[in-house]
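Protein chains in written order, with the UniProt record's numbering: chain E, 1 to 387; chain A, 1 to 387.
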């Protein structure tokens, strides 16, 4: 849980933008969830050992929320004046979730305590709820595209959440624990768990032996819930005839900490870590020359450059680091920079002392090195997307 | 826990700025804390019923972290190459904390689950640790000044955290649960709990009957801990003689959710809620005329104004709301605006249709109404501080 906090904060900002773009309203629900709610939904027993359970000083039972269908549906049920005109209602949070996993592993990929974005939708009828469902799926696709991550949307099992329709968002990766079948001819893709054993023929286009298997890391999950929770907890609204009607629900999860770990897993190379550009803790690292070297005077140029780059545009504020450990060689610091995953590294050497100063710029994504003037560098970095 | 999320996010940004300005590094520690650590510090028994306790599926014991001295000291103890050159080390997080309060009350003022900013400092010797302690106290004072909240720093008891020196940061308020004694002659202030019963004479300046009592809401607490935790958990560093030495610690809490509730408590009036300006969910609310009124045409002007105000400066991005419930009278919507606490409300009425359009601007802090041109309004709002 320790060191992902900068990148996690950046990721939350991107998620906020995409969720709010489709009308999502952010809130915060408790981690301590009353057993009463979970018994009402019948999940208190169903969840078994996965649920962390505890009692307070008065003996009242609680669980640590692994998901919040019960809490959010109760919240909406208490909005007694909800009208069909206010629907769809999309409520989401980004909070820690708790699951007593039998085998926590791979660090942030599968922990017992992790950050999840969970959104819940409330609609007037099934057609509207399915439109909302599709809109969230499109927002997820847009999010992964912005993060530069290839993501496949696959048919999935509804598990103990329940409901009629479900998709997983999977990042193809060898380390993944899920097995996917993707059709080479049409857009069909599914988790192996959802398909009858045997055939590798595509159930959609009928293509013989068209399904190829790959491994995936599940980073998102969407469920169309219908009335499963809204009926039990009484989440209702006034319809156009001013009569009470039960809301049609969906729920939509994103594994915030897992996306970080998965992204590093799929993007990194043997030479260094690589973040999605938007999530890099800093965009630029500037390396002044080693102390005592022939071009020692360039150190002052490096400090001035850090100041100027930080003002290259509002996108660069707080994004530039000076690696002033000048007792170390450039080579050693370049290796550290690769290990930390700065998208751009700028080496300030002898070229910085010429009449028209030139800086060595290493772009991590392309592995290319170019020599740029200060103006060209300012122009390049001023166009980098940050959040 | 539900609706404070926008203001809480803003407050976290202000806290991040002030903590990072004194060298604080942000991280994230687990809520599930191993009983082993708490038994090592002997607080597993000491905390009694205030600690939420639970077991995982393997029977291992945990508590839900009410504070993180044990966790952070263990983390630092694992940094085996820590040098005196890297000190002071200031580590902080803003996370949910859990306390099984006997009587949760006043909503966010005293809940069992709440957001706290907790910082921990590690120094080479007592003199350096006391300088760090003072620097954090100054950062707290700066934070409350930026929020526009009058805050008193008082001598306090060290409670079950332990240590030698402690201060509370108190917001004077009638609803407060703490009793403070403040000297009218010198700068002495203390929690009643820390003073011998009886005398109202100031123990610092000796002023007879100089101490006046007031009530306060505790919003921050600082402790100088010395070696209490670092010795037990082995948080050490290499000193200038390259010998291992035990770090001198301090810890510093801020009640994030409690500050929100306390601020609303002390700033609001009977007519409406008031936020610290920096934390207002939106800075400006624009009211177009009621539909069907004589000045209905001004509705288009209002929409254009919202767009222009949102671009008055980078400070205004996302800060302007259009209250388009134009089936309601201006009066009713003004009342709602006061109830929500927008620092500025702009009424777009007949004046907006004149040759030189004028807008009615209500400033919540001063309760003054002025009539401004669009340029004057843009100028006014472009200078409002936001985070």
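From the three backbone atoms N, C-alpha and C, an ideal C-beta is built for every residue, glycine too.
Quantities reported herein were computed from a predicted structural model and do not represent experimental measurements.
Quiz item: According to DSSP, which residues form a beta bridge with residue 368 of chain A?
Solution: A/363
Self-check item: Partner residues on chain A for residue 113 of chain E, Cβ-Cβ distance less than 8 Å
Solution: 30, 31 and 32
Exercise. For residue 371 of chain A, decide whether its Cβ has a neighbour in chain E, counting only Cβ atoms nearer than 8 Å.
Key: no
Practice problem: Can you grab the Cα-Cα spacing for the pair residue 315 of chain A / residue 278 of chain A, in whole Å? | Solution: 11 Å
Quiz item: Counting contacts by CB-CB distance shorter than 8 Å, is residue 420 of chain E in contact with chain A?
Solution: Chain E is shown from 1 up to 387; residue 420 of chain E falls before or after that span and cannot be answered.
Quiz item: In terms of DSSP beta bridges, what is residue 25 of chain E paired with?
Solution: E/91
Quiz item: Using DSSP with H/G/I as helix, E/B as strand and the rest coil, what is residue 13 of chain A?
Solution: helix
Quiz item: At a Cβ threshold of 8 Å, is residue 464 of chain A touching chain E?
Solution: Any property of residue 464 of chain A remains undetermined from this structure, which presents chain A solely from 1 to 387.
Quiz item: So which residues on chain A does residue 325 of chain E lean against when the C-beta distance must stay under 8 Å?
Solution: Per Cβ cutoff of 8 Å: no residues; residue 325 of chain E is ~11 Å from chain A at best.
Exercise. Please state whether DSSP places residue 221 of chain A in a helix, a strand or coil.
Key: strand
Exercise. Determine which residues of the region 141-167 of chain A have a Cβ less than 8 Å from any Cβ of chain E, and write them out in chain order.
Key: none
Quiz prompt | Selected residue, minimal CA-CA separation from residue 194 of chain E, among E/93, E/168, E/176 and E/122 | solution = E/168
Practice problem: Flag this pair as yes or no: are the beta carbons of residue 349 of chain A and residue 357 of chain A separated by less than 8 Å? | Solution: no
Quiz item: Quick one: does residue 26 of chain A have its CB under 8 Å from some CB of chain E?
Solution: yes
Self-check item: Under 8 Å between C-beta atoms of residue 288 of chain E and residue 302 of chain E
Solution: yes
Practice problem: Under 7 Å between beta-carbons, which chain E residues line up against residue 105 of chain A? List them in chain order, please. | Solution: Those within 7 Å of residue 105 of chain A in chain E number zero; the least Cβ separation is about 15 Å.
Self-check item: Element boundaries [alpha helix (DSSP H), containing residue 53 of chain E]
Solution: That residue, residue 53 of chain E, is in no alpha helix (DSSP H); its beta strand (DSSP E) goes 53-55.
Quiz prompt | residue 336 of chain E at chain A interface by Cβ criterion, 8 Å | solution = no
Quiz prompt | First and last residue of the uninterrupted alpha helix (DSSP H) at residue 190 of chain A | solution = No alpha helix (DSSP H) contains residue 190 of chain A, which is instead part of the beta strand (DSSP E) from 189-191.
Practice problem: Out of A/25, A/38, A/99 and A/95, point me to the one whose CA is closest to residue 87 of chain A's CA. | Solution: A/25
Quiz item: Are three or more beta carbon pairs between the region 81-97 of chain A and the region 117-126 of chain A nearer than 8 Å?
Solution: yes
Quiz item: For the candidate residues A/284, A/294, A/326 and A/334, whose alpha-carbon lies nearest to that of residue 311 of chain A?
Solution: A/284
Exercise. Write down the C-beta distance between residue 70 of chain E and residue 173 of chain E rounded to the nearest angstrom, noting that I regard them as a contact closer than 8 Å.
Key: Their Cβ separation, rounded to whole angstroms, is 33 Å, which puts residue 70 of chain E and residue 173 of chain E out of contact at 8 Å.
Exercise. Step through the CB atoms of chain E and report whether any lies within less than 8 Å of the CB of residue 314 of chain A.
Key: yes
Exercise. Pick helix, strand or coil for residue 3 of chain E, following the three-state DSSP scheme.
Key: Only weak support exists for where residue 3 of chain E lies, its pLDDT of 46 falling under 50; the value from the coordinates is given anyway. If DSSP states are grouped into helix, strand and coil, residue 3 of chain E belongs with coil.
Quiz item: Terminal residues of the continuous alpha helix (DSSP H) containing residue 285 of chain A?
Solution: No alpha helix (DSSP H) contains residue 285 of chain A, which is instead part of the beta strand (DSSP E) from 284-287.
Self-check item: Distance, residue 152 of chain A Cα to residue 109 of chain A Cα
Solution: 18 Å
Practice problem: For residue 313 of chain E, collect the residues of the same chain with a Cβ closer than 6 Å to its Cβ; drop the 5 residues on either side in sequence, then sort them by chain order. | Solution: 382
Self-check item: Bounding residues of the alpha helix (DSSP H) (the contiguous stretch that carries residue 122 of chain E)
Solution: It is not in any alpha helix (DSSP H) - residue 122 of chain E instead sits in the beta strand (DSSP E) that spans 113-123.
Practice problem: Could you tell me whether any Cβ in chain A is nearer than 8 Å to the Cβ of residue 66 of chain E? | Solution: no
Exercise. At 3 residues or longer, and completely inside the region 201-281 of chain E: list those beta strand (DSSP E) runs for me, N to C.
Key: 211-226, 236-238, 244-246 and 248-255
Practice problem: Determine the chain A residues that contact residue 100 of chain E at a beta-carbon separation under 8 Å, and present them in chain order. | Solution: 56 and 57
Exercise. From the DSSP output, read off the bridge partner residues of residue 61 of chain A.
Key: A/55
Quiz item: Where in the region 293-358 of chain A do unbroken runs of the alpha helix (DSSP H), each at least 4 residues long, occur, reported from the N-terminal end onward?
Solution: 298-310 and 330-340
Practice problem: Quick one: grab the DSSP three-state call for residue 411 of chain A. | Solution: Residue 411 of chain A is absent from the model: chain A starts at 1 and stops at 387.
Quiz prompt | Bridge-paired residues (DSSP) for residue 166 of chain E | solution = E/223
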